[in-house]
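Novice: Let me give you the structure first, and then I'll get to my questions.
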Amino acid sequence: MGVVFNDNRFSGRVALITGGASGIGAAAAQRLLAEGAKVATLDLNAATDDGVLALTGDVSRSADVDAAVARAEAELGPIDVLVCAAGIPGKSLPSLEIDDDEWRRVLAINADGVFYCNRAAGRGMAARGYGRIVNIASMAGKEGNPMAAAYSASKAAVIALTKAMGKDLARTGVLVNCIAPAVVETPILEGLDQSHVDYMVERIPMGRMGTAAEVAALICWLASEECSFSTGATYDISGGRAVY
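Position 4 of the sequence shown, counting from 1, maps to 7 under this note's numbering, and the rest follow consecutively.
This is the structure in structure tokens:
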């Protein structure tokens, strides 16, 4: 089934997408562009999409995040939409074999990075009285996956952060929601053992991985004015794995 775009849904809006060079972030950037937004991406690797302001930086460094937000707003205008898709899976390891460096590496990017981006973009949004923040969490953050303690913990942190920020900003015009995908076919899987991937796919009643385009469709609804009475929520996109 082809993708149906909502023409000009984001006309006049400015969006910043972290992790926008590949996977879910790239799919979101492409769809936002197609629907009329001005788009900046922030990634360790520069995005190559035409029409995108491709910024490079490390989301685990708050100074990089602050600089990216400032540059995006200087070149494109005030940020209306933030999508936090930057993340890493971590190594497939039993919980007792995760060392300090690996734990810190995963939490720094997946949890600290989301907070830094929400804080940096959210300040301007709240001051202007409008904004949409969409954080990418994971089913692992709700259920906990074996061989993925650091990743699961980091995504649980994203869910809790979204709940707290959603409440803090509920009367400012800024809505903060997150998405909890089951396994999605993106380059992030390259760092995982096949047995780890098989475990996740076996638990999806639809019997397949999701696609980045399917997740981008949900992102763009949450990032739009059509989403007006939902904040602090977690939206599952799991092929039937999550039914609560």
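Note that beta-carbon positions come from the ideal geometry of N, C-alpha and C, so glycine has one too.
Throw me the rounded Cβ distance for the residue 144 and residue 159 pair, which I believe falls under 8 Å.
Specialist: Counted from its first residue, the sequence shown places residue 144 at position 141. Counted from its first residue, the sequence shown places residue 159 at position 156. Sure, about 4 Å apart at Cβ, within 8 Å.
Novice: For residue 243, does the count of other Cβ atoms within 10 angstroms reach 16, so buried, or fall short, so exposed?
Specialist: Counting from 1 along the sequence shown, the entry for residue 243 is found at position 240. Exposed is the call here.
Novice: Would you say residue 29 and residue 47 are within 9 Å of each other, going by their C-beta atoms?
Specialist: Looking up residue 29 in the sequence shown gives position 26. Looking up residue 47 in the sequence shown gives position 44. No, they are not a contact pair.
Novice: Is residue 92 helix, strand or coil when you go by DSSP?
Specialist: Position 89 of the sequence shown, counted from the first residue, corresponds to residue 92. In this structure, residue 92 counts as coil in the three-state DSSP scheme.
Novice: Along the chain, where does the alpha helix (DSSP H) that runs through residue 131 open and close?
Specialist: As a first step, residue 131 is located in the sequence shown; it is residue number 128 there, counting from the start. Its alpha helix (DSSP H) spans residues 116-131.
Novice: So, with DSSP's three-state summary, where would you put residue 99?
Specialist: Position 96 of the sequence shown, counting from 1, holds the residue named residue 99. DSSP places residue 99 in helix when its eight states are reduced to three.
Novice: Compare the beta carbon distance of residue 140 and residue 101 with 9 Å and say whether it is the shorter of the two.
Specialist: Start at 1 with the first residue of the sequence shown, and residue 140 comes out as number 137. Start at 1 with the first residue of the sequence shown, and residue 101 comes out as number 98. Not a contact, by the Cβ cut-off of 9 Å.
Novice: Label residue 21 either buried or exposed according to how many other C-beta atoms from any shown protein chain fall within 10 Å of its C-beta, with 16 as the threshold for buried.
Specialist: Reading the sequence shown from its first residue, position 18 is the one you call residue 21. By the neighbour-count rule (16 or more Cβ atoms within 10 Å), residue 21 is buried.
Novice: DSSP three-state label for residue 112, please.
Specialist: Residue mapping note: residue 112 aligns to position 109 of the sequence shown, counting from 1. Residue 112 falls in the helix class under three-state DSSP.
Novice: For residue 251 and residue 189, I'd like the C-alpha separation in whole angstroms.
Specialist: For the chain, the structure presents residues 4 to 247; residue 251 sits outside this window and is missing.
Novice: Determine the closest residue to residue 78 out of 85, 58, 234, 95, with distance taken between C-alpha atoms.
Specialist: Position 75 of the sequence shown, counted from the start, is the residue given in the question as residue 78. Per the Cα distances, 58.
Novice: Give the C-beta separation of residue 43 and residue 84 to the nearest angstrom, bearing in mind that I take them to be a contact with Cβ-Cβ under 8 Å.
Specialist: Position 40 of the sequence shown, counted from the first residue, corresponds to residue 43. Position 81 of the sequence shown, counted from the first residue, corresponds to residue 84. The pair is not a contact, with the Cβ atoms about 10 Å apart (cut-off 8 Å).
Novice: Run through the DSSP bridge pairs and tell me what residue 59 is partnered with.
Specialist: Counted from its first residue, the sequence shown places residue 59 at position 56. For residue 59, which the question treats as bridged, DSSP gives the partners 46.
Novice: Please tell me whether residue 203 and residue 219 are closer than 9 Å, where the distance is taken between their beta carbons.
Specialist: As a position in the sequence shown, residue 203 is number 200, starting the count at 1. As a position in the sequence shown, residue 219 is number 216, starting the count at 1. Not closer than 9 Å, so no.
Novice: Measuring CB to CB, does residue 180 end up less than 9 Å from residue 136?
Specialist: Here the question's residue 180 lines up with position 177 in the sequence shown. Here the question's residue 136 lines up with position 133 in the sequence shown. Result yes, Cβ atoms of residue 180 and residue 136 sit closer than 9 Å.
Novice: By the three-class DSSP mapping on this structure, what secondary structure does residue 178 have?
Specialist: Here the question's residue 178 lines up with position 175 in the sequence shown. Reduced to three states, the DSSP call for residue 178 is strand.
Novice: Excluding the 5 residues preceding and the 5 following residue 157 in the sequence, name in chain order all residues of the same chain whose CB lies nearer than 7 Å to its CB.
Specialist: Taking the sequence shown and counting its residues from 1, one reaches residue 157 at position 154. Contacts found: 109, 110, 113, 114.
Novice: Kindly indicate the opening and closing residues of the alpha helix (DSSP H) around residue 34.
Specialist: Taking the first residue of the sequence shown as position 1, residue 34 is located at position 31. Residues 26-37.
Novice: To the nearest angstrom, how far is it from the Cα of residue 238 to the Cα of residue 183?
Specialist: Reading the sequence shown from its first residue, position 235 is the one you call residue 238. Reading the sequence shown from its first residue, position 180 is the one you call residue 183. Distance between the alpha carbons of residue 238 and residue 183: 6 Å.
Novice: Taking residue 61 as the reference, give the member of 142, 138, 49 with the closest Cα.
Specialist: Residue numbering aside, residue 61 sits at position 58 when the sequence shown is read from its first letter. Among 142, 138, 49, the Cα nearest to that of residue 61 is on 49.
Novice: Locate the alpha helix (DSSP H) running through residue 162, then write down its first and last residues.
Specialist: Taking the first residue of the sequence shown as 1, we reach residue 162 at position 159. Note, residue 162: alpha helix (DSSP H), 152-171.
Novice: Quick check on DSSP: helix, strand or coil for residue 196?
Specialist: What you label residue 196 is simply residue 193 of the sequence shown in a count that begins at 1. Coil.
Novice: Throw me the rounded Cβ distance for the residue 72 and residue 123 pair, which I believe falls under 8 Å.
Specialist: Along the sequence shown, read from residue 1 onward, the residue named residue 72 stands at position 69. Along the sequence shown, read from residue 1 onward, the residue named residue 123 stands at position 120. Yes, they are in contact, since the Cβ atoms of residue 72 and residue 123 sit about 4 Å apart, within 8 Å.
Novice: Between the alpha carbons of residue 94 and residue 196, how many angstroms are there, rounded?
Specialist: By one-based count along the sequence shown, residue 94 stands at place 91. By one-based count along the sequence shown, residue 196 stands at place 193. Each residue's Cα considered, the two are about 8 Å apart.
Novice: Between the Cα of residue 128 and those of 116, 172, 96, spot the shortest distance and give me the residue it belongs to.
Specialist: Working through the sequence shown from its first residue, we reach residue 128 at position 125. Ranking the options by Cα distance to residue 128, first place goes to 172.
Novice: By DSSP's criteria, residue 18 is part of a beta bridge. Which residues make up the other side?
Specialist: In the sequence shown, counting from the first residue as 1, residue 18 sits at position 15. According to DSSP, residue 18 bridges with 42, 84.
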